[in-house]
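> For the sequence shown, this note's numbering begins at 401 and goes up steadily by one. Provided herewith is a single structure, encoded as structure tokens, for subsequent inquiry.
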Amino acid sequence: GDSLSVDNPDDILISKSGVFSAGFYPVGKNAYCFAIWFSHPPCSGQNCTVVWMANRNEPVNGRYSKLSIKKNGDLVLTDDRHAVVWAIDTASLSRSKTPVHQLQLLDSGNLVLRDREGNVPLWQSFNYPTDVLLPGQNLTWNTPLVSSQSNGNFSSGYYKLYFDNDNVLRLLFDGPLISSVYWPDPAYVSWEVGRTNNNDSRVAVLDSMGNFTSSDDLTFLTSDFGKKTQRMLKVDHDGNVRVYSREKDGKWVVTWQGLSESCTVHGICGPNSVCRYSPREGRSCSCLPGYVWNNDTDWTQGCAPKFESFCNPGSDAHVDFLRLPHHDFYGYDTDYTPNTTLASCKKMCADLCNCKGFQYKFNGEKGSFDCFPKIQLLNGYISFSFIGSTYLKLPKANLSSYQIPTKGFDPLPCPPKAQEVVTYLKGHQNSTLEILLIFATALAGVEIVVVFLTWSFLVRTDPDKRGGYAKGYRLAGTGFTRFTYAELKKATRNFNKEIGRGSGGIVYKGVLPDHGEAAVKLLNEENQGEDEFLTEVRTIGNLNHMNLIAMWGYCVEG
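Pasting the structure below:
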């Protein structure tokens, strides 16, 4: 059969328009991968923009390696020892008795394999992406995008764009020891960030004009939407997902990106360290006070304590806490204690030998502070948008010697002359629309003031709400949370998912502010007074029976 040889630089496939080429691409010293790249504008050496690779994790030798179509129709990549590195078995794919005879590179950048009788490709590279999605190429549940290791290392990295089992498109850090989702923000359920999990088709596509649509309701337009140019969506080695568009001078520019704060990407700095971003120095990692780098040349290995473990027998039991404002660490909470004092939170962490610190955050919805003791300090970053503090557990004897690192820290998220990446909404702007927006903004401001004054008046004049209203809940009388009707309406998404009904009312599925799932029963009619109702709530809530689920709270308005 026919073959392409690494020994012959002219053995390449070129699309009809000349935009794409496919062949052996150099990835290192005497190391090649069979790849597809943009070839217009012309490029050479290792300066081309690669969009697909067959053998990204197993490069072949620069001598005697070949890509061949065998007599039986199989597409096979062999190295200098004739060992098969990568192959497509066409026997199970072809409906024809005649073998495959054509390998073609389309103007879309899709490499297709056909037999003599079929117009439909038996195999195509669009179904097996690496880290790039081209316009018209579908991203599906079984075709995730996986980043490269680094800017010059094309092998598979630790970041993945994929559809999860809930049908939501996510970014995942899949490291050698741990894995965690970080986009969209895992602190919120999917519908709170504009996604839906109701569509199980799990497909996303970017078109040639810059319009991205996904079955989970993620949609966006690139900042240059409508412009005819080369585009690609890429999961970069830094963990962000971006759309690149090509300028007339041949340079690629970012026209959309998933994460605006680069330090919210997981897995950057390793355990016991924190990521910080400075316009002058970019993204960097530093050890927490009392910790030192495990490897000065590899941030991902994190930091080790300079003190003995608090769990070691005979270790110094006297501990104290260093406050780290605006330091956020995602996950690894041993517990969650709402409505607690700072002193109680410190004692809780001090009594747990494996507690490395805790987050103490104000809960605006409840009007109180929550405590999150942590057994691991991972995915740390500094951001002024994070309203909270992390308290780091350290030996009391040396606490005064520890300093909060400030080198390279800049409170400004963007340099003064930074180019803003804007995502435009569909539609056309005009002067009339601008006037309407200004008027609507002013009107909204007036409404906010009126609502605030009305709320203040009601709180001051309603004796029933004077005591417990500051927290937003009445716990003393029943021992259970008192929700407002608005909170339950939001939790159930306007009571839209019915999961059961009975003579007393309808039961709906809900997600509480702390992201716990709950069954919310909306009573048909209630003729009792409030005191009688609260007594019944207290009685039912204190029952323990195998056929009764735990009670979270109640509502006495509608």
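Even glycine gets a Cβ: it sits at the ideal position worked out from N, Cα and C. Note that the coordinates shown come from a computational prediction; the quantities given were computed from them, not determined experimentally.
Fully enclosed by the stretch 582 to 621, which beta strand (DSSP E) runs are 3 residues long or longer?
Counting whole runs of 3 or more residues, the stretch 582 to 621 contains the beta strand (DSSP E) stretches 603 to 606, 611 to 614, 619 to 621.
> CB-CB under 8 Å to VAL419, same chain, minus the five flanking residues each way: which ones, in chain order?
PHE438, SER439, HIS440, ASP507, GLY509, GLN630
> Considering only their Cβ atoms, is the gap separating ASN672 from TYR691 smaller than 7 Å?
yes
> Taking a contact to mean a Cβ-Cβ separation below 7 Å, would you say ASN567 touches ARG602 in this structure?
yes
> Should VAL719 go down as buried or exposed, given a rule of 16 or more other Cβ atoms within 10 Å for buried?
So VAL719 counts as buried.
> Between GLU708 and the ligand FAD, is the CB less than 6 Å from at least one heavy atom?
By its list of ligands, the structure shown contains no ligand whatsoever, and the ligand FAD lies outside what it can speak to.
> Assuming contact is defined by CB atoms lying nearer than 7 Å, are PRO725 and CYS749 in contact in what I supplied?
no
> For the putative contact between GLN537 and VAL605, defined by C-beta atoms under 8 Å, what is the C-beta separation to the nearest angstrom?
7 Å
> Once the 5 residues before and after GLY557 are set aside, which same chain residues still bring their CB inside 7 Å of it?
VAL546, SER547, SER548, GLN549, HIS637
> Would you tell me roughly how many angstroms separate the C-alpha atoms of ILE787 and ASP531, rounded to the nearest one?
35 Å
> Using 7 Å as the limit for Cβ to Cβ distance, is ARG595 near chain C?
Judged by its chain identifiers, the structure shown contains no chain C, having just a single protein chain.
> Cβ atoms of ARG642 and GLN657: under 7 Å apart, would you say?
ARG642 is positioned such that its CB atom lies closer than 7 Å to that of GLN657.
> So what does DSSP say about THR697, is it helix, strand or coil?
coil
> Could you say which of LYS466, ALA491, GLY462, ASN457 lies nearest to GLY473 if we only look at CA atoms?
ALA491
> Along the chain, where does the beta strand (DSSP E) containing LYS747 start, and where does it finish?
First-last for LYS747: 742 to 751, but that is the alpha helix (DSSP H), not the beta strand (DSSP E).
> Please name the residue in PHE526, THR596, ASN640 whose C-alpha comes closest to that of LEU571.
ASN640
> Would you report the Cα separation of SER686 and ARG676, rounded to the nearest angstrom?
8 Å
> Cβ of TYR760 within 7 Å of Cβ of CYS771?
yes
> Once the 5 residues before and after ASN763 are set aside, which same chain residues still bring their CB inside 6 Å of it?
ASP770
> Return the Cβ separation of LEU912 and CYS955 in integer angstroms, given the expectation that the two are a contact with Cβ distance under 8 Å.
Not a contact, Cβ separation roughly 12 Å.
> Helix, strand or coil, according to DSSP, for SER789 in the structure here?
strand
> CB-CB under 7 Å to CYS575, same chain, minus the five flanking residues each way: which ones, in chain order?
The sequence given here places Gly at residue 575; Cys does not occur at that position. TYR558, GLY667, listed in sequence order.
> Let me make sure I understand the geometry here. Which of ASN447, LYS634, CYS753, LYS628 has the alpha-carbon closest to that of LYS648?
Cα-wise, what sits closest to LYS648 is LYS628.
> Between which two residues does the beta strand (DSSP E) holding TYR760 run?
DSSP places TYR760 inside the beta strand (DSSP E), whose first and last residues are 757 to 763.
> Quick one: grab the DSSP three-state call for GLY418.
coil
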